[in-house]
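Here the structure comes first, spelled out in structure tokens, and everything after it is commentary.
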Amino acid sequence: MKKLILIFFIIVACSPDSKQGSGDRITVIAFGSCGDQRHPQPVLEKVVENQPDVFIYLGDNIYSDTDNMDTLRRNYQVLGAKSEFKKLKASTPILATWDDHDYGWNDAGRHYAFKEKSKEIFLDFFGVADSTVLRHAGIYHSKLVAADTRTVQVILLDMRTFRDKVLPYNGNREGDSRFDYGLEYSPYTTADSTMLGEAQWQWLEEQLQVPADVRIIGSSTQFGITHNGYEAWANFPHEQQRMLEVIRKTEANGVVFISGDVHYAEISRLNAPGLYPLYDITASGITSTWDFATPNDNRIDGPVMENHFGLIRIDWKEKDPAVHCAIIDVSGKERINRTIRLSELQF
2 MKKLILIFFI
12 IVACSPDSKQ
22 GSGDRITVIA
32 FGSCGDQRHP
42 QPVLEKVVEN
52 QPDVFIYLGD
62 NIYSDTDNMD
72 TLRRNYQVLG
82 AKSEFKKLKA
92 STPILATWDD
102 HDYGWNDAGR
112 HYAFKEKSKE
122 IFLDFFGVAD
132 STVLRHAGIY
142 HSKLVAADTR
152 TVQVILLDMR
162 TFRDKVLPYN
172 GNREGDSRFD
182 YGLEYSPYTT
192 ADSTMLGEAQ
202 WQWLEEQLQV
212 PADVRIIGSS
222 TQFGITHNGY
232 EAWANFPHEQ
242 QRMLEVIRKT
252 EANGVVFISG
262 DVHYAEISRL
272 NAPGLYPLYD
282 ITASGITSTW
292 DFATPNDNRI
302 DGPVMENHFG
312 LIRIDWKEKD
322 PAVHCAIIDV
332 SGKERINRTI
342 RLSELQF
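Just so you know, the sequence shown maps onto residues 2 to 348 in our numbering.
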């Protein structure tokens with residue numbers, strides 16, 4: 002029996018003098034993470050100025066870290082009352098996934114006791130109650146953004162509900178002098194742990210077979226980096242490898258990762274045998290900042306340490322469409338600009 006896959010569409014109408022002409026539609030996707038609801042958020046006003054088709058929250062959308070669900074709900078209300086958020090919501094469709102501080106607790110995974118109630122509060126705030134997310138544990142879901150005859154698939158992963166505990170740092174830096182800070186976690190050396198959980202993995206494989214020209218995979222923690230001792234896919238290398246295998250198996254073209262968490266921006270490029278380059282565009286710092294950027298052998302752009310958001314503009318009018326990837330800081334200045342041709346993201 003064939004499985005039924007339900008996909009919800011965001012249809013964005015644009016006037017001829019803005020984003021849409023005769024076959025020259027430009028798809029604009031903005032994204033960011035790590036916004037403390039207690040602080041001003043002028044970055045969101047810069048997002049609105051760029052008139053994206055959708056804004057994607059990649060986690061730590063509020064900072065709560067609580068077992069008290071009334072506190073969690075109130076913190077969402079603080080964000081919802083902010084003038085910058087109201088402007089964004091009034092002008093731009095919003096998609097979201099969570100990370101640890103809005104899920105419930107710092108670096109928490111599947112053992113967080115209040116994850117079901119937290120999910121309910123998350124869905125109430127972001128208004129996705131009609132999504133297929135209601136039919137399964139966790140909040141993973143997907144959307145298709147229509148662009149004339151082209152489609153962009155947005156796949157939002159849940160990196161918290163099913164994730165096993167991270168391994169405490171084992172004290173072995175393997176002689177790498179780049180680690181001049183205290184590492185918190187070590188990579189698993191066995192495959193007896195998971196980040197996504199089996200149900201989400203099966204769902205992802207199905208999603209990667211849905212026809213689409215570009216696929217934006219949103220991960221709250223970084224996918225494309227090398228190990229840095231903090232939270233990342235690199236702590237679960239067998240899961241990172243499984244992602245590569247699933248993309249190969251499904252022959253899913255056009256995959257680009259976007260991620261958050263680390264309080265700075267960068268672009269990583271992961272090269273793997275039998276696979277086109279996988280880019281991971283990290284935008285982390287709506288309000289948060291960090292003192293340093295960790296070592297990352299796959300970094301090709303950045304870091305940007307000031308508050309910012311990420312922007313992907315897909316220009317369809319050329320024979321080989323251009324995927325423009327940018328980081329824009331709180332002053333409106335473009336700090337990173339990298340163009341990837343769609344042909345580079347093909348098997």
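The beta-carbon is built from N, C-alpha and C at its ideal position, and this holds for glycine as well. Computed from a predicted model, the values in this text were never measured in an experiment.
Notebook entry, point to check: Short check: CB of His325 to CB of Arg314, under 7 Å?
Noted result: Taking the first residue of the sequence shown as position 1, residue 325 is located at position 324. Taking the first residue of the sequence shown as position 1, residue 314 is located at position 313. Yes. Within cutoff.
Checklist line | Residues near Ala14 by beta carbon distance below 6 Å, same chain, minus five either side | finding: Working through the sequence shown from its first residue, we reach residue 14 at position 13. Because the pLDDT at Ala14 is just 37, under 50, the model does not fix this residue reliably, and the point stays unresolved.
Check: Looking at the structure shown, is Gln154 part of a helix, part of a strand, or coil, going by DSSP?
Finding: If you number the sequence shown from 1, residue 154 lands on position 153. Strand.
Notebook entry, point to check: Excluding five sequence neighbours on each side, which residues of the same chain lie with their C-beta closer than 8 Å to the C-beta of Gln241?
Noted result: Within the sequence shown, residue 241 is the residue found at index 240, counting from 1. Cβ within range, chain order: Phe224, Trp234, Ala235.
Checklist line | Inter-residue Cα distance where the pair is Asp54 and Pro94 | finding: Here residue 54 refers to the residue found at position 53 of the sequence shown. Here residue 94 refers to the residue found at position 93 of the sequence shown. Between Asp54 and Pro94, the C-alpha separation is close to 7 Å.
Next item on the list: For the stretch 73-160, list the beta strand (DSSP E) runs that are entirely contained and at least 3 residues long, ordered along the chain.
Entry: 95-97, 142-148, 151-157
Checklist line | Of the residues Ala294, Leu197, Leu276, the one placed nearest Glu267, counting alpha carbons only | finding: Position 266 of the sequence shown, counting from 1, holds the residue named residue 267. Among Ala294, Leu197, Leu276, the Cα nearest to that of Glu267 is on Ala294.
Checklist line | Three-state class that DSSP yields for Pro43 in the structure shown | finding: Here the question's residue 43 lines up with position 42 in the sequence shown. If DSSP states are grouped into helix, strand and coil, Pro43 belongs with the helices.
Margin query: Using a Cβ distance threshold of 8 Å, determine whether the stretch 112-122 contacts the stretch 196-204, with at least three qualifying pairs required.
Written below: no
Check: Taking the alpha helix (DSSP H) that Leu245 falls in, what are its first and last residues?
Finding: Taking the first residue of the sequence shown as 1, we reach residue 245 at position 244. Where Leu245 is concerned, the enclosing alpha helix (DSSP H) stretches over 238-251.
Check: How long is the line joining the alpha carbons of Val129 and Thr98, rounded to whole angstroms?
Finding: Taking the first residue of the sequence shown as position 1, residue 129 is located at position 128. Taking the first residue of the sequence shown as position 1, residue 98 is located at position 97. Cα-Cα distance, rounded: 11 Å.
Next item on the list: Decide if Gln154 is buried, meaning its Cβ has at least 16 other Cβ atoms within 10 Å, or exposed.
Entry: Here residue 154 refers to the residue found at position 153 when the sequence shown is read from its first residue. So Gln154 counts as buried.
Next item on the list: Just the C-alpha distance for Tyr280 and Gly261, rounded to the nearest angstrom, thanks.
Entry: Reading the sequence shown from its first residue, position 279 is the one you call residue 280. Reading the sequence shown from its first residue, position 260 is the one you call residue 261. Cα-Cα distance, rounded: 14 Å.
Check: Where does Ser260 fall in DSSP's three states?
Finding: Translated into positions along the sequence shown, residue 260 becomes position 259. Looking at Ser260 - three-state DSSP - the assignment turns out to be strand.
Note to self: Whether or not the stretch 242-260 and the stretch 337-348 are in contact is what I'm after, with contact meaning three or more pairs of Cβ atoms, one per stretch, closer than 8 Å; do they touch?
What the structure shows: yes
Item checked: Inter-residue spacing [alpha-carbon to alpha-carbon] between Ile27 and Thr191 -> Translated into the one-based positions of the sequence shown, residue 27 becomes position 26. Translated into the one-based positions of the sequence shown, residue 191 becomes position 190. Whole-angstrom Cα-Cα distance: 44 Å.
Notebook entry, point to check: Assuming Thr195 and Arg164 make a contact with CB atoms under 8 Å, what is their CB distance in whole Å?
Noted result: To locate residue 195, count along the sequence shown from 1; it is residue 194. To locate residue 164, count along the sequence shown from 1; it is residue 163. At roughly 7 Å, the Cβ-Cβ gap stays under 8 Å, so Thr195 and Arg164 are in contact.
Notebook entry, point to check: Leaving out the 5 sequence neighbours to the left and right, which residues in its chain are closer than 7 Å to His239 when beta-carbon positions are compared?
Noted result: Within the sequence shown, the letter at position 238 stands for residue 239. Correct list, in chain order: Tyr189, Ala192.
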